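Down below is the structure, laid out as structure tokens.
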Amino acid sequence: MHFQNLLSPMLLVAPHLASACGPLPRQEKEDANGGPTYPSFELGLDVPSDPATLGYFVNHLCINIKNVNESVDWYSRVFGLRLIFTQQVSEHFSITYMGHSAGGRNGTGFQTATEMNRDKNNRYGMLELVSTEGTGWDVQTTSNGLHHGGLIVPDIEAMQKRLDGIDGVEIVKAFGQAPSIDMPTYAGLAALDQAEQDAIFGAINESNLPLIFIKDPSGNVWEIQGQEGFGLG
């Protein structure tokens, strides 16, 4: 567990990454005259990872929260995450871990909290919640470097119906709704001129229509995708 400073300045994500979370169709990088085209798409190289990284995997995502009980309740009800443990480091500072049973995918097997904690460093897909509750610090006034988290669900339309019936869920963009500059995930685009904004949203609109964006109680944004994404053309 690393107690590093989570208050580093937010890095503006390049606009073309806004819709790059799922598989994208092939796109030509050059036009007929050899000039660049946008959006462009380039697959990664088929190069094996450094052998020194064998066994590496993403274990958890850490976010700042305002209230531990409120956040644990929200992530339990909305994402089905279970509380693994809360470590109260000091009067105002605490660290909480949540996750799904059996290694990170819900429904693949039940584990007790003791078993989940035992396997903490051999799991993936966990959420670490860092709280400075009672200090008066406002998460929303401090850039913490988080753009958004991503959740995969088997049926995206069923998820939308479920979210519509859950109290305390702020839906930023619903399934089938077009993305807009008002969404926090695209706030950085406001610095661009209108023509470039229009070009960007024209390019990402189709791939973003099936996505859902919601906020947790602390204002952290989550992107929700169905398991079936865009295949390569």
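Numbers -20 to -1, 1 to 213, taken from mature numbering (1 follows the signal peptide of the UniProt record, and there is no 0), label the letters of the sequence shown in order. Built from N, CA and C at the ideal position, the CB exists for glycine as well. Values in this document were obtained by computation on a predicted structure and should not be read as measured data.
Annotated three-state conformation of residue 184 is helix, per DSSP. Cβ neighbours of residue 154 within its own chain (closer than 7 Å, five residues either side excluded): 140, 192. Residue 196 is classed as buried because its beta carbon has at least 16 other beta carbons within 10 Å across all chains shown. Runs of alpha helix (DSSP H) with 4 or more residues, each lying fully within the stretch 8 to 68, are found at 48 to 59, listed in chain order. When C-alpha distances from residue 133 are compared across 99, 97, 157, 86, the shortest belongs to 86.
Separation of residue 24 and residue 165 (C-alpha to C-alpha, rounded to the nearest whole angstrom) is 24 Å. With contacts defined as CB atoms closer than 8 Å, residue 105 and residue 79 qualify as a contacting pair. Sequence-distant Cβ neighbours of residue 58 in its own chain, meaning closer than 7 Å and more than five residues away, are 146, 149. Taken in chain order, the complete alpha helix (DSSP H) segments of 4 residues or longer contained in the stretch 132 to 207 are 136 to 144, 174 to 188. When the alpha-carbon of residue 49 is set against those of 74, 27, 30, the nearest one is in 74.
Bounds of the alpha helix (DSSP H) holding residue 94 are 93 to 98.
Residues 106, 108 of the same chain have their beta carbon placed closer than 6 Å to that of residue 40, with the five preceding and five following residues left out of the count.
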